[in-house]
Amino acid sequence: MRFNLHIVLLQAAVIVLVSVAAGALHRSLVPDLPTVELLPEHPEVAAGRPPAGAARPDASVTDPVAAEETGEGHAEGTVIGIIGPARAFELFESGEAQFVDARNPPDFDEGHIPSAINLPFSAFGAGYPEQLDYLGTDLITVVYCEGGECESSKLVAQQLLMAFPELELKIIGEGYPGWVDAGHPTEGEGTP
Amino acid sequence: MSAAEATPARDQTTSSAIGSWLLTLTRVVLGGIFLFAAYGKLRNPHAFAGSVGAFKLLHESILIEVGLLFIWHEIVCGLLLVLGLWARAAALVTGAMVLAFIIAMITALARGLDIECGCFGNLLKSGVGWGSILRTSVFLLMALAVILWGPGRLSLTSAGKR
Chain U
1 MRFNLHIVLL
11 QAAVIVLVSV
21 AAGALHRSLV
31 PDLPTVELLP
41 EHPEVAAGRP
51 PAGAARPDAS
61 VTDPVAAEET
71 GEGHAEGTVI
81 GIIGPARAFE
91 LFESGEAQFV
101 DARNPPDFDE
111 GHIPSAINLP
121 FSAFGAGYPE
131 QLDYLGTDLI
141 TVVYCEGGEC
151 ESSKLVAQQL
161 LMAFPELELK
171 IIGEGYPGWV
181 DAGHPTEGEG
191 TP
Chain V
1 MSAAEATPAR
11 DQTTSSAIGS
21 WLLTLTRVVL
31 GGIFLFAAYG
41 KLRNPHAFAG
51 SVGAFKLLHE
61 SILIEVGLLF
71 IWHEIVCGLL
81 LVLGLWARAA
91 ALVTGAMVLA
101 FIIAMITALA
111 RGLDIECGCF
121 GNLLKSGVGW
131 GSILRTSVFL
141 LMALAVILWG
151 PGRLSLTSAG
161 KR
């Protein structure tokens, strides 16, 4: 068990420095994720009355009314509208939209919006998930997850924009629970 | 030297040889696991950065940088461990990284987060739970073994001393 601790610590410092340098070099080669701005599209949300269980506003969410009053910045990057279950259902019935379920496969199997594509964030770890082949780029893409504080929708939306920069995206703020609570149709193993 | 004295000495040599080979195995397996983990993450660093972000411990603006730092530490330490070069130092950095990850997973569990661990990118998916904490703790013990008892056999460090 005899070893020179000073030498080991020095070597460890060199390892850290080399790793940091390699990481920094790699960072310069990796393109940034598209910047997205989440803007409430639903009238209730825009009026400052977020529905129960709506996604928690964070630094990247801009209230358009407040922004207009204060003259604060315009949306930076791609605007993604946060919609409620009613608007999502309108889009569902119109046939103009496709739905992307950003939850994990077990939750998706249990129940999901009919004909939704299951595309959890982890699927992008392999680079290009095959589910992207089933997306229609001419349709509005509505992404949803568990609602509440779930960030999966935003992360998946950013990855979708990497693949399809022109995609028109919307996020259901209340997620799948909001859709179910509104009594809209579902399919899956847990659906009666 | 009598036969009675020679036997314990031979036993000691045998057990020492077995220990050396066990250390070699531990070092190479640990390094291999880290290289495998890095490969799974390299294919989409942003996806790994998202996994790091899911722990809600770091600001969104630095996730990709932190993610790449982790990935490159895994590559460098993984390579050094497999080669047996600066193995103790590599195991020390690996151990520190693994310990940080264990703490992050415990805090995630304590906060009730239901998230993917992102440990191996998309190659091996598993959620954060006691199972993943136990698995990562085994990696920590492996790193500790290399720090304490060295790289074992077939290491570039020992080859350089000959």
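Chains as they are written, first to last, in my numbering: chain U, 1 to 192; chain V, 1 to 162.
Each residue gets a CB set at the ideal place from its N, CA and C atoms; glycine is no exception.
Could you confirm whether any beta carbon from chain U is found closer than 8 Å to the beta carbon of residue i?
i                 : result
LEU134 of chain V : no
VAL52 of chain V  : no
ARG88 of chain V  : yes
GLY129 of chain V : no
CYS77 of chain V  : yes
TRP21 of chain V  : no
ILE64 of chain V  : yes
ALA37 of chain V  : no
ALA100 of chain V : no
VAL28 of chain V  : no
LEU92 of chain V  : yes
ALA47 of chain V  : yes
Give the DSSP-derived three-state secondary structure of residue i in the structure shown.
i                 : result
ILE102 of chain V : helix
ILE56 of chain V  : Going by the sequence as given, residue 56 of chain V is Lys instead of Ile. Coil, per DSSP.
HIS177 of chain U : Looking at the sequence shown, residue 177 of chain U is not His but Pro. Residue state, collapsed to three classes: helix.
ASP32 of chain U  : coil
GLU116 of chain V : strand
HIS184 of chain U : coil
LEU39 of chain U  : strand
ILE64 of chain V  : helix
ILE113 of chain U : coil
GLY127 of chain V : strand
ALA59 of chain U  : Per-residue confidence for ALA59 of chain U stands at a pLDDT of 35, beneath the threshold of 50, marking its modelled position as unreliable; the derived number appears in the next sentence. Note: ALA59 of chain U maps to coil in three-state DSSP.
PRO106 of chain U : helix
GLU202 of chain U : In the structure as shown, chain U begins at 1 and stops at 192. Residue 202 of chain U is therefore absent and cannot be evaluated.
TRP21 of chain V  : helix
TRP149 of chain V : helix
PRO45 of chain V  : helix
LEU160 of chain U : helix
If we define contact as Cβ-Cβ less than 8 Å, is residue i a contact residue for chain V?
i                 : result
LEU39 of chain U  : no
LEU33 of chain U  : yes
ILE171 of chain U : no
PHE108 of chain U : no
VAL8 of chain U   : yes
PHE121 of chain U : yes
PHE124 of chain U : yes
GLN98 of chain U  : no
ALA22 of chain U  : yes
PHE164 of chain U : no
ARG103 of chain U : no
VAL18 of chain U  : yes
Buried or exposed: which applies to residue i, given that a residue is buried once 16 or more other Cβ atoms fall within 10 Å of its Cβ?
i                 : result
ASP101 of chain U : buried
ILE113 of chain U : buried
THR14 of chain V  : exposed
PHE195 of chain U : Any answer about residue 195 of chain U is impossible in this case: the structure gives chain U only from 1 up to 192.
ASN4 of chain U   : exposed
ASP109 of chain U : exposed
HIS74 of chain U  : Its pLDDT being 46, under 50, HIS74 of chain U is placed unreliably by the model, and the measurement read from it follows with that caveat. Exposed, because fewer than 16 other Cβ atoms sit within 10 Å of the Cβ of HIS74 of chain U.
ARG88 of chain V  : buried
GLU202 of chain U : Because chain U spans 1 through 192 in this model, residue 202 of chain U falls outside it and cannot be assessed.
ALA110 of chain V : exposed
HIS46 of chain V  : buried
GLY183 of chain U : exposed
ASP107 of chain U : buried
ALA143 of chain V : buried
LEU148 of chain V : exposed
HIS73 of chain V  : buried
ILE103 of chain V : exposed
VAL52 of chain V  : buried
Just checking my contact of residue i with residue j at CB under 8 Å: how many whole Å lie between their CB atoms?
i                 : j                 : result
GLN98 of chain U  : GLY136 of chain U : 6 Å
GLY95 of chain V  : PRO151 of chain V : GLY95 of chain V to PRO151 of chain V, Cβ: 14 Å. No contact.
GLY163 of chain V : LEU155 of chain U : The first residue shown for chain V is 1 and the last is 162, placing residue 163 of chain V beyond what the model contains.
ILE172 of chain U : PRO105 of chain U : About 19 Å separates the two Cβ atoms, so there is no contact after all.
ILE80 of chain U  : LEU38 of chain U  : 5 Å
TYR144 of chain U : ILE117 of chain U : That pair is no contact at about 11 Å.
State the beta-bridge partners of residue i as determined by DSSP.
i                 : result
VAL143 of chain U : U:VAL100, U:ILE171
GLY81 of chain U  : U:LEU39, U:LYS170
ASN118 of chain U : U:ASP101
Closer than 9 Å by beta-carbon distance: list the chain C residues that pair up with residue i, in chain order.
i                : result
VAL30 of chain U : Considering every chain present, this structure includes no chain C. Its protein chains are U and V.
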